[in-house]
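> In the numbering used here, the protein residues as written are 1 to 707.
Glycine included, every Cβ here is placed at the ideal spot set by N, Cα and C.
It should be emphasised that the depicted structure is a prediction, and the values quoted were computed from it without experimental measurement.
Have a look at this one before I ask anything.
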């Protein structure tokens, strides 16, 4: 029997003692507030794909199973604010990304600011129609800024606020502090634009595989959806005795978090990395290695800083089973294996810092990449031989090995366990959940739109390489695009269920280009970033497509919005980079007075030297120092196969059912610079909210956990 639930106001349907609902079903379907309240009250009930609500409880709690087709979304005010936030946010983020430390504006800021801005614009503009480009459109359809317009603005901001890896290539090429090459403006703009748009084409073609299915939740979008409901909705069911509204709860948490941040952020930064054992023995190297928070393993992690807890993403949006797999990987691979490697001096790691992202020479100093290349960026084998081999800290070296395992593990696991769903997605009569059925009332954005866009981008990419003589072979373009396409469904499937990016094409791109096109640093950067950026952008586009599905934004409107935001954002980023490279004195120099040292450009310049010039053959080929890490390729492929057959033999095993090898390996992808404190604290928060509270107070969890 469904539970009896009380409501704090009259904005929700009342359940009777027998579990039936007061009011007609039509009354509920026509009111999103009632639908949300009803979903929260019955969060522990079971729904299947044919039901009138989502099979996923977290989706039911934050996404109403109703839609109002008459609600305007493709409005002038939405486009005005969307483009404004795209230009401002992208420009500011790009400007400060070239500084260390940097300042970043997230799309959450745009989501929050867009609400009062949209309401003000809706009330200020007169309700009238105007003619624009020969078409009559509504200047202001009404005085109500609605949830769909808000979602459209957020999606446009989210697409463009992120980093542009093409600008890192431009910094490495153009800045006098790095290669100091002269590159045409057309090349710079087209390079960035094609890298970004490639992802849109791929995401659209994979829509039926990684966006439409109900189990492809894309957890991070639920945080956006919850905030939309908080700002626009009025549903306020009592949840396990709590009658506080979502909006008031959000205001309290937001204000409390802002006030608290001053403690670990400024007044007492020791609260951020509370390494009290290291304070007691500050000069003990072993204690620092095992218990240090920044350069150690953080064996007793204690932190009072949310930025540390959410370093790898908010644990509140990650399912507990997924967080448990990530935590298990961090414990076994780093807390257990790493000390063994270090204290047995494997790869000479005992002479280096325990953890870090720098590479070193044979004197223990940071490797000076400029000593092994000439002024044009070409590798000099003689200088390399006279200087030093490359050595990596143990966590850095092991992180590459784990990336090797992830490369083979992710596609093997996904194709073994989800091949039926992948094949079933080709069936035009496939079953769809309530949200996919509701979006069908709008004209579809056909598959061939995205395919045509991908073909155009491929042609432009080849043109860029040929016209501007980048030395990237045409087959290299096809290979980079092929790698991204091959990993699209596996990587998207992991991201969609666990909110974890298992994209390791930056490492695979370095290895393939280093072997196939040796001695070409810039070519290596172009190759790896076409593969990596294409896949990463596809994940961002797919995530926003899911948010558009949840918010019932017509797919054709969404296509135009994503395409426009991508183009405008890319042009803005490049304009800012080019202006800074030609107008900021000593830009990218390590002693630049205002700290515009181009940290990302510097990292990618060093990466281009190590992998494009020195090359992986001098590190990983048979007989070389890190050759043993290659065994992780076959290990990553074998483990999912073994587990697959063990689950067939022991179908009731809870351990085997919840063991997810891609999360086990890929979850530690941020080490270094992440350390044990980031993984253990996230696991603790996930256990409290997504395991204990979800089990004991499911209605409170459904109403408040994503605020």
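DSSP state of residue 688, grouped into three classes?
One-based indexing of the chain shown puts residue 688 at position 688. Three-state DSSP puts residue 688 in a helix.
> Quick check on the burial criterion: 16 or more other C-beta atoms within 10 angstroms. Buried or exposed for residue 25?
Counted from its first residue, the chain shown places residue 25 at position 25. Summary for residue 25: the model assigns pLDDT 40, below 50, so the residue's position carries little reliability; its value from the coordinates is reported in the next sentence. Burial call: exposed.
> Spatial neighbours of residue 632 within its chain, please: C-beta separation below 6 Å, excluding the five flanking residues on both sides.
In the chain shown, counting from the first residue as 1, residue 632 sits at position 632. Same-chain partners within the cutoff: 401, 404 and 405.
> With 16 as the cutoff for other CB atoms within 10 Å, does residue 336 come out buried or exposed?
Indexing the chain shown from 1 puts residue 336 at position 336. Classification for residue 336: exposed.
> Tell me the rounded alpha-carbon separation between residue 517 and residue 533.
Working through the chain shown from its first residue, we reach residue 517 at position 517. Working through the chain shown from its first residue, we reach residue 533 at position 533. Cα-Cα distance, rounded: 19 Å.
> Please list the segments of the alpha helix (DSSP H) lying wholly inside the segment 441-479, counting only runs of 4 or more residues, in order along the chain.
Runs found: 447-467.
> If we call anything under 9 Å between Cβ atoms a contact, is residue 681 one with residue 319?
As a first step, residue 681 must be located in the chain shown, where it is residue number 681. As a first step, residue 319 must be located in the chain shown, where it is residue number 319. Not in contact: residue 681 and residue 319 (Cβ atoms no closer than 9 Å).
> Give me the Cα-Cα distance between residue 542 and residue 203, rounded to the nearest whole angstrom.
Stepping through the chain shown from its first residue, residue 542 is reached at position 542. Stepping through the chain shown from its first residue, residue 203 is reached at position 203. Using only the alpha carbons, I get a separation of about 5 Å.
> What are the residues that DSSP puts in a beta bridge with residue 129?
One-based indexing of the chain shown puts residue 129 at position 129. Note: residue 129 sits in a beta bridge opposite 138.
> Does DSSP put residue 109 in a helix, in a strand, or in coil?
Counting from one through the chain shown, the residue named residue 109 turns up at place 109. Residue 109: helix per DSSP, three-state reduction.
> Any idea what DSSP makes of residue 400, helix, strand or coil?
One-based indexing of the chain shown puts residue 400 at position 400. DSSP places residue 400 in helix when its eight states are reduced to three.
> Could you give the C-beta distance for residue 560 and residue 91, rounded to a whole number, given that I count them as a contact under 8 Å?
Taking the chain shown and counting its residues from 1, one reaches residue 560 at position 560. Taking the chain shown and counting its residues from 1, one reaches residue 91 at position 91. So it is not a contact: roughly 22 Å between Cβ atoms.
> Could you give the C-beta distance for residue 578 and residue 94, rounded to a whole number, given that I count them as a contact under 8 Å?
The residue you call residue 578 lines up with position 578 of the chain shown. The residue you call residue 94 lines up with position 94 of the chain shown. About 11 Å; that fails the 8 Å criterion.
> List in chain order: all unbroken alpha helix (DSSP H) runs of 4+ residues lying wholly within the segment 147-233.
147-161, 165-174, 185-205, 207-210 and 219-232, all fully within the segment 147-233.
> Quick test of your reading: residue 477 and residue 461, contact by CB under 8 Å. State the CB separation rounded to the nearest angstrom.
For the purposes of this step, residue 477 is identified with residue 477 of the chain shown, where counting begins at 1. For the purposes of this step, residue 461 is identified with residue 461 of the chain shown, where counting begins at 1. At roughly 5 Å, the Cβ-Cβ gap stays under 8 Å, so residue 477 and residue 461 are in contact.
> DSSP three-state call for residue 237: helix, strand or coil?
Stepping through the chain shown from its first residue, residue 237 is reached at position 237. Strand.
> Quick one: is residue 480 buried, meaning 16 or more other Cβ sit within 10 Å of its Cβ, or exposed?
The sequence position of residue 480 within the chain shown is 480, counting from 1. By the neighbour-count rule (16 or more Cβ atoms within 10 Å), residue 480 is buried.
> Ignoring anything shorter than 4 residues, give me the alpha helix (DSSP H) runs that lie fully in the segment 327-390, in order along the chain.
Counting whole runs of 4 or more residues, the segment 327-390 contains the alpha helix (DSSP H) stretches 337-343 and 381-387.
> In three-state DSSP terms, what is residue 694?
As a first step, residue 694 is located in the chain shown; it is residue number 694 there, counting from the start. Residue state, collapsed to three classes: helix.
> Going by beta carbon distance, what residues of the same chain come within less than 8 Å of residue 386, once the five residues before and after it are set aside?
Against the chain shown, residue 386 aligns to sequence position 386. Closer than 8 Å at the Cβ level, and outside the excluded window around residue 386, lies no residue.
> If you compare alpha carbons, which of 699, 672 and 258 is closest to residue 355?
Taking the first residue of the chain shown as position 1, residue 355 is located at position 355. If we check each option's Cα against that of residue 355, 672 comes out closest.
> Give me the Cα-Cα distance between residue 48 and residue 214, rounded to the nearest whole angstrom.
Translated into positions along the chain shown, residue 48 becomes position 48. Translated into positions along the chain shown, residue 214 becomes position 214. Whole-angstrom Cα-Cα distance: 10 Å.
> For the candidate residues 246, 237, 369 and 305, whose alpha-carbon lies nearest to that of residue 268?
In the chain shown, counting from the first residue as 1, residue 268 sits at position 268. If we check each option's Cα against that of residue 268, 305 comes out closest.
> Three Cβ pairs or more, each shorter than 8 Å: is that satisfied between the segment 654-670 and the segment 422-437?
Contact between the segment 654-670 and the segment 422-437 is absent, because fewer than three Cβ pairs lie under 8 Å.
> For a quick check, are the C-beta atoms of residue 72 and residue 138 less than 9 Å apart?
Working through the chain shown from its first residue, we reach residue 72 at position 72. Working through the chain shown from its first residue, we reach residue 138 at position 138. Their beta carbons are under 9 Å apart, which means residue 72 touches residue 138 by this criterion.
> Flag this pair as yes or no: are the beta carbons of residue 669 and residue 297 separated by less than 9 Å?
Indexing the chain shown from 1 puts residue 669 at position 669. Indexing the chain shown from 1 puts residue 297 at position 297. Result no, Cβ atoms of residue 669 and residue 297 do not sit closer than 9 Å.
> Taking the Cβ atom as the reference point for each residue, do residue 212 and residue 425 lie within a distance shorter than 9 Å?
In the chain shown, the residue the question calls residue 212 occupies position 212. In the chain shown, the residue the question calls residue 425 occupies position 425. Result yes, Cβ atoms of residue 212 and residue 425 sit closer than 9 Å.
> At a cut of 8 Å, does the segment 623-639 reach the segment 278-285 through at least three beta carbon pairs?
With a cut-off of 8 Å, the segment 278-285 and the segment 623-639 do not count as touching, because too few Cβ pairs lie within range.
> Report the partner residues of residue 242 according to the DSSP bridge assignment.
By one-based count along the chain shown, residue 242 stands at place 242. Answer is 239, bridged to residue 242.
> Quick one: residues in its chain with C-beta nearer than 7 Å to the C-beta of residue 168, no 5 flanking neighbours on either side, listed in chain order?
Here residue 168 refers to the residue found at position 168 of the chain shown. If we look at residue 168 and ignore the five residues flanking it on each side, its Cβ neighbours are 600, 601 and 604.
> For residue 634 and residue 594, what's the separation of their Cα atoms in angstroms?
The count along the chain shown starts at 1 and reaches residue 634 at position 634. The count along the chain shown starts at 1 and reaches residue 594 at position 594. Whole-angstrom Cα-Cα distance: 48 Å.
> List the whole-angstrom C-beta distance separating residue 378 from residue 180, where the pair is believed to meet the contact cut-off of C-beta under 8 Å.
As a working mapping, residue 378 is identified with position 378 in the chain shown. As a working mapping, residue 180 is identified with position 180 in the chain shown. About 13 Å separates the two Cβ atoms, so there is no contact after all.
> So which of 162, 514 and 407 has the shortest CA-CA distance to residue 621?
Within the chain shown, residue 621 is the residue found at index 621, counting from 1. For the residues 162, 514 and 407, the minimum Cα distance to residue 621 belongs to 514.
> Quick one, which of 435, 531, 157 and 380 has its alpha-carbon nearest residue 50's?
The count along the chain shown starts at 1 and reaches residue 50 at position 50. The option with the nearest alpha carbon to residue 50 is 435.
> If you check the beta carbons only, do residue 529 and residue 195 fall under 9 Å apart?
By one-based count along the chain shown, residue 529 stands at place 529. By one-based count along the chain shown, residue 195 stands at place 195. Yes. Within cutoff.
> Are residue 218 and residue 438 close, meaning C-beta to C-beta below 9 Å?
Residue 218 sits at position 218 when you count from the first residue of the chain shown. Residue 438 sits at position 438 when you count from the first residue of the chain shown. Not in contact: residue 218 and residue 438 (Cβ atoms no closer than 9 Å).
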